[in-house]
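If you use the numbering used here, the sequence shown corresponds to residues 805 to 1025, in order. This report refers to the structure that appears directly beneath it.
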Amino acid sequence: MIKKILSYLIPVKIFETKSSISHSIEVTWANGELVLDSKNANYSYGSLQRILRLGLKSIGFEKIVKMERILILGVAGGSVIKTLVDEVKFKGKLTGVEIDPEIIHIANTYFKLNEVENLEIVIDDAFEFVLKTKEKYDLIIIDIFQDTTMPYFLFETFFTNRLCYLLKSKGFILFNTMILNDDQNSRNKKYITDFVHPQFKIRTIPRIEIHNELIVIEKLA
């Protein structure tokens, strides 16, 4: 409790480790809440939770609560899962795909992710999972970072087409991206310009928390 109170003045680190995939991982009290960070970026809770909450609100909590299946690519500490369960009151099936088992161990230990009853965690590479899955989803959330770096495959046409194929009628993709320089800004612009699908609509929610841009893809029928 003392660390939580003190965190309103300065961040208080309570756990730090390294993994072969995520490298530096820290759990910190900040402004009265536990957050999960990499060396240079917020991984879960804190600003990231605010970003994805805004994306979910732009889709509409009232739409999401009626959905049956949601896929989360990149779980980390599970903040978007907690938003879906605690705020949206989503009762359907949640599938979270995370490549780093150490991250899931931390999420269970510090953020009680294993207490979410309607959640299935799959330890796998997101690209491989998307190729293999036979399920269709109402909402796909992409939130994959290695510190401040995003894997290039996320922006490839093949991967995007596969995600669109996995969407149910009137489904959504919510894609969290980070823009730190002109090259990444051009990358996002090209992604949006190159997206030409008559059955889909694409839009952005720009510059959330300074460096984040959300891309929303909606299947129209």
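Every residue, glycine too, gets a C-beta built ideally from N, C-alpha and C.
Measure the C-alpha to C-alpha separation of Ile-946 and Ile-806 and round it to an integer number of angstroms.
In the sequence shown, counting from the first residue as 1, residue 946 sits at position 142. In the sequence shown, counting from the first residue as 1, residue 806 sits at position 2. C-alpha separation (whole angstroms): 35 Å.
Measure the beta-carbon distance from Leu-923 to Ile-885 and round it to whole angstroms, keeping in mind my assumption that it falls under 8 Å.
For the purposes of this step, residue 923 is taken as the residue at position 119 of the sequence shown. For the purposes of this step, residue 885 is taken as the residue at position 81 of the sequence shown. Right, the Cβ-Cβ distance comes to about 6 Å (below 8 Å), so this counts as a contact.
Does the Cβ-Cβ distance between Val-879 and Ala-911 come in under 8 Å?
One-based indexing of the sequence shown puts residue 879 at position 75. One-based indexing of the sequence shown puts residue 911 at position 107. Cβ atoms of Val-879 and Ala-911: closer than 8 Å.
Kindly identify the DSSP beta-bridge partner or partners of Asn-980.
The count along the sequence shown starts at 1 and reaches residue 980 at position 176. Bridge partners of Asn-980: Leu-1018.
Taking one C-beta from the segment 914-929 and one from the segment 856-871 each time, how about it: are there three or more such pairs within less than 8 Å?
At 8 Å Cβ cutoff, the stretches do not touch.
Excluding sequence positions up to five away, which residues of its chain have a Cβ less than 8 Å from the Cβ of Val-926?
Position 122 of the sequence shown, counting from 1, holds the residue named residue 926. Cβ within range, chain order: Thr-899, Gly-900, Val-901, Glu-902, Phe-933.
Using DSSP's beta-bridge definition, name the partner residues of Lys-817.
Within the sequence shown, residue 817 is the residue found at index 13, counting from 1. Lys-817 is bridged to Thr-832.
Within the continuous beta strand (DSSP E) that includes Val-839, where are the two ends?
Taking the first residue of the sequence shown as position 1, residue 839 is located at position 35. Counting along the chain, the beta strand (DSSP E) containing Val-839 begins and ends at 837-841.
Would you identify the three-state DSSP class for Thr-1024, choosing helix, strand or coil?
As a position in the sequence shown, residue 1024 is number 220, starting the count at 1. Contrary to the premise, residue 1024 reads as Leu rather than Thr in this sequence. Correct three-state label for Leu-1024: coil.
With distances taken between CB atoms, is the gap from Phe-959 to Arg-1007 smaller than 8 Å?
Residue numbering aside, residue 959 sits at position 155 when the sequence shown is read from its first letter. Residue numbering aside, residue 1007 sits at position 203 when the sequence shown is read from its first letter. Result no, Cβ atoms of Phe-959 and Arg-1007 do not sit closer than 8 Å.
Quick test of your reading: Leu-984 and Thr-952, contact by CB under 8 Å. State the CB separation rounded to the nearest angstrom.
What you label residue 984 is simply residue 180 of the sequence shown in a count that begins at 1. What you label residue 952 is simply residue 148 of the sequence shown in a count that begins at 1. About 6 Å separates the two Cβ atoms, so the contact holds.
Helix, strand or coil: how does DSSP classify Tyr-1030 here?
Within the shown structure, residues of the chain are numbered from 805 to 1025, placing residue 1030 beyond reach of any answer.
Mind reading off the beta-carbon distance from Ile-944 to Leu-877? Whole number of angstroms is fine, and I expect it under 8 Å.
Here residue 944 is taken as the residue at index 140 of the sequence shown, counted from 1. Here residue 877 is taken as the residue at index 73 of the sequence shown, counted from 1. The pair is a contact, with the Cβ atoms about 7 Å apart (cut-off 8 Å).
Note down, one range per segment and in chain order, each beta strand (DSSP E) of at least 3 residues found wholly within the segment 962-1007.
For the segment 962-1007, whole beta strand (DSSP E) runs of length 3 or above, ordered along the chain, are 971-982.
Please state the DSSP three-state secondary structure of Pro-905.
Counting from 1 along the sequence shown, the entry for residue 905 is found at position 101. DSSP places Pro-905 in helix when its eight states are reduced to three.
Since Glu-924 is in the beta strand (DSSP E), which residue starts that stretch and which ends it?
Walking along the sequence shown from the start, residue 924 turns up at place 120. Here the beta strand (DSSP E) through Glu-924 covers 923-927.
So Ile-944 is in the beta strand (DSSP E); what residue range does that whole segment cover?
Position 140 of the sequence shown, counting from 1, holds the residue named residue 944. It spans 941-946 - the beta strand (DSSP E) in which Ile-944 sits, taken as one unbroken run.
Identify whether Thr-899 lies in helix, strand or coil by the three-state DSSP scheme.
Here residue 899 refers to the residue found at position 95 of the sequence shown. In this structure, Thr-899 counts as strand in the three-state DSSP scheme.
On the criterion of 16 or more Cβ atoms from any shown chain inside 10 Å, does Ala-834 qualify as buried, or is it exposed?
Stepping through the sequence shown from its first residue, residue 834 is reached at position 30. Buried is the call here.
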